[in-house]
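**Student:** In the numbering used here, the protein residues as written are 30 to 440. Idealized CB from N, CA, C, for every residue including glycine.
1) Who are residue 118's beta bridge partners in DSSP?
2) For residue 209, which three-state DSSP category applies?
3) Pair every Cβ in the segment 221 to 230 with every Cβ in the segment 128 to 146, then say whether three or more of these pairs are closer than 8 Å.
4) With 16 other CB atoms within 10 Å as the buried threshold, where does residue 398 fall?
5) Residue 102 lies in the alpha helix (DSSP H); which residues open and close that run?
6) At the level of alpha carbons, what is the spacing between residue 87 and residue 183?
7) Quick test of your reading: residue 418 and residue 360, contact by CB under 8 Å. State the CB separation rounded to the nearest angstrom.
8) Using 10 angstroms around the beta-carbon of residue 280, count the other beta-carbons present and answer buried if the total reaches 16, otherwise exposed.
9) Just the Cα atoms here: how many angstroms apart are residue 375 and residue 68?
10) Using the DSSP secondary-structure output, state which residues sit across from residue 279 in a beta bridge.
11) Using alpha carbons as the reference points, say which of 161, 277, 257, 253 lies closest to residue 264.
12) Could you round the C-beta distance between residue 63 and residue 302 to whole angstroms and report it? I think they count as a contact, below 8 Å.
13) Determine the closest residue to residue 121 out of 249, 181, 331, with distance taken between C-alpha atoms.
14) I'd like the list of long-range same chain contacts for residue 245, defined as Cβ closer than 8 Å, with 5 residues on each side in sequence excluded.
15) If you follow the beta strand (DSSP E) that residue 175 is in, where does it begin and where does it stop?
16) Looking only at its chain, what residues have a beta carbon closer than 7 Å to the beta carbon of residue 288, apart from the 5 residues adjacent to it on each side?
17) Evaluate contact between the segment 171 to 191 and the segment 207 to 221, counting only Cβ atoms and requiring at least three cross-stretch pairs below 8 Å.
18) At the level of alpha carbons, what is the spacing between residue 311 and residue 371?
19) Of the residues 82, 213, 154, which one's Cα is nearest the Cα of residue 186?
20) Taking the Cβ atom as the reference point for each residue, do residue 251 and residue 117 lie within a distance shorter than 8 Å?
21) Could you name the residues that DSSP lists as bridge partners for residue 232?
22) Measure the alpha-carbon distance for residue 128 versus residue 195 and round it to whole angstroms.
23) Going by DSSP, what residue range makes up the alpha helix (DSSP H) through residue 378?
24) Less than 8 Å separating the beta-carbons of residue 275 and residue 92?
25) Which residue marks the beginning of the beta strand (DSSP E) containing residue 158, and which one marks its end?
26) What are the residues that DSSP puts in a beta bridge with residue 56?
27) Select from 383, 272, 55 the residue whose C-alpha is nearest the C-alpha of residue 90.
Printed below as a string of structure tokens:
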């Protein structure tokens with residue numbers, strides 16, 4: 030009751046309502062910013078991880094097992110391993126794509142029709158045309174599937190002809206020579222990441238073998254699991270199934286520097302923004318110091334009528350704790366609200382400013398993602414309350430040690 034009265038007291042009555050409001054707003058905004066930022070970074074990582082691992086494999090098998098008749102049985106054995114959802118022989122090489130409007134570099138990936146259909150990030154996101162007839166039908170092995178951005182840049186679409194140049198396709202007595210061949214575009218796709226949509230072309234596996242001079246072999250066997258986080262634990266099982274001539278690596282090794290940098294950035298961002306909560310909570314100290322000074326006579330009277338030091342400490346501790354608790358609760362509500370409606374907020378900001386807040390050309394993703402991690406929110410709440418309570422203790426302890434005689438000497 031006393032703590033609430035002191036918080037509501039006007040300045041003329043010795044209260045510190047303005048400083049209390051500033052402390053409350055500071056903690057609220059700091060908590061909201063931390064929750065929103067971490068939610069966006071969590072969403073960014075989840076979207077990026079989902080799209081990259083949806084487009085690429087989780088485990089890669091290379092080595093001597095790829096050559097000759099050993100590859101097909103190895104692929105079948107890998108498919109029988111528990112938690113493996115897909116195993117596919119892949120050829121991936123660079124080529125030059127020539128359209129009627131532009132010439133550009135592209136990455137051609139050779140996949141069978143079965144494996145392309147199982148790659149849901151492509152087969153479920155066809156924007157124009159259809160995958161029906163891939164590797165067969167009217168166009169036979171000359172049908173390709175092109176990223177939507179790449180097709181737009183080249184000025185082509187389904188049914189059009191796209192000429193590809195392989196730098197290593199032809200073989201003569203003098204070595205490898207470039208091979209040029211026209212292909213018919215069957216469909217276009219969008220994976221939601223610009224680096225894939227503007228660079229990748231899918232070609233039937235057997236045609237890719239011929240076009241890039243890889244007859245009888247493959248570049249790798251890509252393996253997808255039910256859970257990408259199991260990749261490290263399942264490498265031994267995959268290696269056993271593939272055979273002694275196989276070399277096995279996982280997605281964390283292939284892009285170790287990239288994922289490591291993303292993790293470090295996330296941890297540093299959390300630490301920096303956590304300092305905002307500390308700075309905001311420091312306002313509680315200044316407010317309570319002024320409150321203790323203004324309420325010196327009240328403290329002395331309470332002490333003379335029997336209130337102990339512990340009672341005085343609890344009064345002023347609750348005063349600061351209520352500010353921290355209210356600011357934290359309001360900050361959580363605001364942060365969760367912003368994170369939940371991040372897409373409409375982004376749209377409004379872009380319309381008002383006329384600028385792209387989240388450019389897909391820079392961040393690879395076409396929208397600003399946000400994923401609320403409630404465990405992390407609980408950690409933020411605990412940290413905010415802890416800092417608020419710690420900042421409350423020094424002035425509350427000082428109030429409890431105030432000598433009533435000294436406080437009333439000049440009253």
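**Tutor:** In short:
1) In DSSP, residue 118 forms a bridge with 250.
2) The answer is strand: DSSP assigns residue 209 an E or B state.
3) Cβ pair count under 8 Å is three or more, so yes.
4) Counting every other CB atom within 10 Å of its CB across the protein chains shown gives residue 398 a total of 16 or more, marking it as buried.
5) For residue 102, the enclosing alpha helix (DSSP H) has its first and last residue at 100 to 108.
6) Each residue's alpha carbon lies about 31 Å from the other.
7) About 16 Å; that fails the 8 Å criterion.
8) Counting Cβ neighbours within 10 Å, residue 280 comes out buried, since at least 16 surround it.
9) Rounded to whole angstroms, residue 375 to residue 68 spans 15 Å at the Cα level.
10) Partner(s): 88.
11) Between residue 264 and the set 161, 277, 257, 253, the nearest pair of CA atoms involves 277.
12) In this structure residue 63 touches residue 302 by the C-beta definition: roughly 4 Å separates them, less than 8 Å.
13) The candidate whose alpha carbon is nearest that of residue 121 is 249.
14) Answer for residue 245: 96, 97, 238, listed in chain order.
15) Residues 172 to 176.
16) The residues are 281.
17) Between the segment 171 to 191 and the segment 207 to 221, the count of C-beta pairs closer than 8 Å reaches three or more; the two stretches touch.
18) The straight-line gap from Cα to Cα measures roughly 30 Å.
19) When only C-alpha atoms are compared, the closest one is 213.
20) Contact: yes.
21) In DSSP, residue 232 forms a bridge with 139.
22) Using only the alpha carbons, I get a separation of about 15 Å.
23) Counting along the chain, the unbroken alpha helix (DSSP H) around residue 378 starts and ends at 371 to 382.
24) Going by C-beta atoms, residue 275 is nearer than 8 Å to residue 92.
25) Looking at the DSSP string, the run of the beta strand (DSSP E) that includes residue 158 is 155 to 158.
26) BP columns for residue 56 are empty, so no partner.
27) Of 383, 272, 55, the residue nearest in Cα terms is 272.
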